[in-house]
Amino acid sequence: MHAGIIGWGAYIPRYRIKCSEIAELWGFDQPLVKSLNIEEKAVANVDEDATTMGWYAARSAILRAGIDVVGELGAIFVGTESKPYAVKPTATIIGDALGLPNKKLTSDMEFACRAAGEGIRISIGLISSGMLRYSLVIGSDTAQANPGDVLELTAASGAAAYIIGPKVESTAYFEGAYTYTSDTPDFWRRDGSPYPLHGEIFTDEPAYFNHIVNSVRGLMDELGLRPDDYDYAVFHQPNGRFPLKVGTELGFTKDKILPGLVNPWIGNTYNASALLGLAKVLEEAKPGQRILLATFGSGAGSDAFSIVTTDKLLTKVNIALKVTDMLNSKIYVGYDTYAKYRKLLERM
Amino acid sequence: MSFQRIWRLKDILLNLVGIKCSDCGYTSYPPKAACPKCSSRNVSRISLGSSGKVVSYTVINVPIEGFENMLPLVIALVETDNGRVLTQLTNVKPEEVYIGMEVEATVRRSATTLDGYVPYIVKFKRSSTNNA
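Respectively, the protein sequence lines represent chains A and B.
Numbered continuously in the numbering used here, the first sequence closes out at residue 348.
Numbered continuously in the numbering used here, the second sequence closes out at residue 480.
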């Protein structure tokens, strides 16, 4: 592999709702909320969506990469399952708003929460083969949840973006990637349905754990690496409990997982989930450290990446807003405001 | 506004493109064929930039159709490095706005058109290095 991360960016909306308030409204047991290990979740404003959040994260990624990359950006891939349009690409809107060249590959990708992970894998291939110099990959979602569904306790909003480019220019390079997919019906949303359905406990072992365990073990077997060789491990975060459980099962200690765990304070941001965790880790990692990244998307699949940071990392961290800044910058709203912002209420 | 017109105004709405008069130096937004101050047609397109200060503002509580879920609308005159723009402030309550408040540009949704098109436009929000 000859590709790496040139720049990264994040976006977390300012508004938060306490999960305990949602639970109280709908009559969920508070112990259920505690078991999810999510304190609060990020709520996008009424004028925000996957496009606007993706734009913000992408702009930060370009700032960190250096504005010179814009002229040679040959691809933009947007992973999302909350497209503003069923038919009309999000990627073209973001591309034009950022002033990117018209000559580029441009796609919205769909694979539940791991579409952006596939975008990174494709970008690594395109760049390693010499077909492109830079690619922009965005994971952005305003996650939908049926009011009163247990999913509402976690489904949140956020975005992360990465400029992928040549390894020699990178702040962190990819040394390996492994993808594991199968037909597993743990979570889906039919065409025209505003909210997804999910298989409750079926999202657990056959879906999340099976796919992540297989992708991570496959990656480490191919590279001849063990959990001890990693300084950080970042997993997809549907709740605050699963990443710790799957990491422990794979042999990673808690102190390697916690730095990349953002879910307890913002909820499940779907395509941005693991990528926001990676962004937070990049903000605190030192050059020469090894990071495991494992995405997951229902349906189901997981990409595992082995990433090594370089000397260029430290110069990039403070160029744009950091994940930690956005985690700390928040305004609490009640369920009424949340319902208005997320369009759970319709005016007649 | 039709989606065709919004598309034609895309540069103006998304990238804050205005004009600068080469004769008198006046900047104007949105762009016009001639300078509004000296009538010279010797104008060139410029970007107004992405940060500025609130010069004046007003609050709209009774909106035109389509903007109901964004109430109250805070409309501000913002002075950027390159000119002035009449714009919407977002992520802020009316009582939090003040003249001189530093703001930065961001891309947000505007009201969906009757045919279901979603316009994306520049709005401004409070500026800070640690405030998303």
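Don't be surprised by glycine CBs; every beta carbon is placed ideally from N, CA and C.
Under 9 Å Cβ-Cβ, which residues of chain A neighbour residue i?
i                 : result
GLU416 of chain B : ARG347
How many Å lie between residue i and residue j at the Cα?
i                 : j                 : result
ALA300 of chain A : LEU425 of chain B : 49 Å
ASN478 of chain B : LEU321 of chain A : Its pLDDT being 40, under 50, ASN478 of chain B is placed unreliably by the model, and the measurement read from it follows with that caveat. Rounded to the nearest angstrom, the two C-alpha atoms are 6 Å apart.
PRO13 of chain A  : ARG389 of chain B : 43 Å
LEU424 of chain A : LEU344 of chain A : Outside the displayed span of chain A (1 to 348) sits residue 424 of chain A, for which this structure offers no information.
ASP463 of chain B : SER350 of chain B : 8 Å
GLU450 of chain B : ALA3 of chain A   : 39 Å
THR454 of chain B : GLY54 of chain A  : 11 Å
ASP204 of chain A : HIS198 of chain A : 11 Å
ILE423 of chain B : ILE266 of chain A : 30 Å
ARG290 of chain A : VAL440 of chain B : 41 Å
GLU200 of chain A : TYR180 of chain A : 22 Å
MET348 of chain A : PHE28 of chain A  : 30 Å
ASN214 of chain A : GLU222 of chain A : 12 Å
PRO259 of chain A : LYS286 of chain A : 13 Å
GLY74 of chain A  : SER128 of chain A : 13 Å
LYS316 of chain A : GLU284 of chain A : 11 Å
GLY130 of chain A : LYS401 of chain B : 45 Å
ALA480 of chain B : TYR332 of chain A : Any reading at ALA480 of chain B is ruled out, since the residue's pLDDT is 45, under 50, leaving its predicted position unreliable.
THR106 of chain A : GLU72 of chain A  : 14 Å
GLY334 of chain A : ASP68 of chain A  : 43 Å
THR171 of chain A : GLY288 of chain A : 10 Å
TYR374 of chain B : ASP359 of chain B : 20 Å
PRO420 of chain B : THR248 of chain A : 49 Å
LYS330 of chain A : LYS18 of chain A  : 12 Å
Give the interface partners of residue i over in chain A, defined as CB-CB distance under 8 Å, in chain order.
i                 : result
ASN363 of chain B : ALA97, GLY99
ASN439 of chain B : ARG14, ASN45
Going by CA-CA distance only, name the one from the options that's closest to residue i.
i                 : options                                : result
ARG241 of chain A : A:ASN263, A:ASP231, A:LEU223, A:TYR230 : A:ASN263
ASP229 of chain A : A:ALA274, A:SER128, A:GLY130, A:MET220 : A:MET220
VAL216 of chain A : A:SER302, A:ALA285, A:SER193           : A:SER302
GLY117 of chain A : A:VAL78, A:GLU24, A:ASP96              : A:VAL78
PRO89 of chain A  : B:SER395, B:LYS385, B:TYR465, B:SER475 : B:TYR465
LYS473 of chain B : B:ILE354, B:SER370, B:GLU444           : B:GLU444
LEU32 of chain A  : A:TYR332, A:ASP108, A:ASN239           : A:ASN239
ILE46 of chain A  : B:ILE469, B:GLY373, B:ASN417           : The sequence as given places Val at residue 46 of chain A; Ile does not occur at that position. Measuring from the Cα of VAL46 of chain A, the nearest candidate turns out to be B:ASN417.
CYS372 of chain B : B:SER387, B:PRO411, B:GLY366, B:THR406 : B:SER387
GLU413 of chain B : B:GLN436, B:TYR377, B:SER392, B:SER458 : B:SER458
SER404 of chain B : B:TYR446, B:PRO384, B:ASP359, B:TYR374 : B:TYR446
TRP188 of chain A : A:ASP108, A:VAL70, A:SER298            : A:SER298
LEU282 of chain A : A:ASN268, A:ASN318, A:GLU249, A:GLY251 : A:ASN318
PHE111 of chain A : A:SER182, A:TYR232, A:LYS18            : A:SER182
GLY448 of chain B : B:THR428, B:THR438, B:ARG456           : B:THR428
Name the chain B residues whose beta carbon is nearer than 7 Å to that of residue i?
i                : result
PRO84 of chain A : VAL466
TRP55 of chain A : VAL455
THR51 of chain A : TYR468
Name the chain B residues that come within less than 9 Å of residue i, Cβ to Cβ?
i                 : result
ILE319 of chain A : None at all; the shortest Cβ gap to chain B is about 11 Å.
LYS340 of chain A : ASN417
Find out if the Cβ-Cβ distance for the pair residue i, residue j is shorter than 8 Å.
i                 : j                 : result
ALA44 of chain A  : THR142 of chain A : yes
GLY176 of chain A : SER306 of chain A : yes
ALA145 of chain A : LEU136 of chain A : no
ARG114 of chain A : PHE296 of chain A : yes
ILE6 of chain A   : ILE257 of chain A : no
VAL246 of chain A : LEU276 of chain A : no
VAL234 of chain A : LEU314 of chain A : no
ARG64 of chain A  : LYS41 of chain A  : no
PRO442 of chain B : LEU361 of chain B : no
PRO384 of chain B : GLY366 of chain B : no
TRP8 of chain A   : ALA50 of chain A  : no
TYR85 of chain A  : TYR56 of chain A  : no
LEU25 of chain A  : VAL70 of chain A  : no
Thinking residue i and residue j are a contact (beta carbons under 8 Å), I'd like their distance in whole angstroms, please.
i                 : j                 : result
LEU98 of chain A  : ARG59 of chain A  : 6 Å
GLY139 of chain A : ALA155 of chain A : With a Cβ gap of about 15 Å, GLY139 of chain A and ALA155 of chain A do not count as contacting.
GLY351 of chain A : ALA304 of chain A : Past the edges of chain A, shown from 1 to 348, lies residue 351 of chain A, and the structure says nothing about it.
LEU153 of chain A : LEU36 of chain A  : 6 Å
Starting from the beta carbon of residue i, find every residue of chain B whose beta carbon is closer than 8 Å, and list them in chain order.
i                : result
ILE93 of chain A : TYR468
GLU48 of chain A : ARG456, ARG457
Quick one: list the residues of chain A neighbouring residue i, beta-carbon separation under 7 Å, in chain order.
i                 : result
LYS358 of chain B : ASP96
Can you find a heavy atom of the ligand NAD that lies under 7 Å from the Cβ of residue i?
i                : result
ALA65 of chain A : For the ligand NAD, the structure offers nothing, since it holds no ligand at all.
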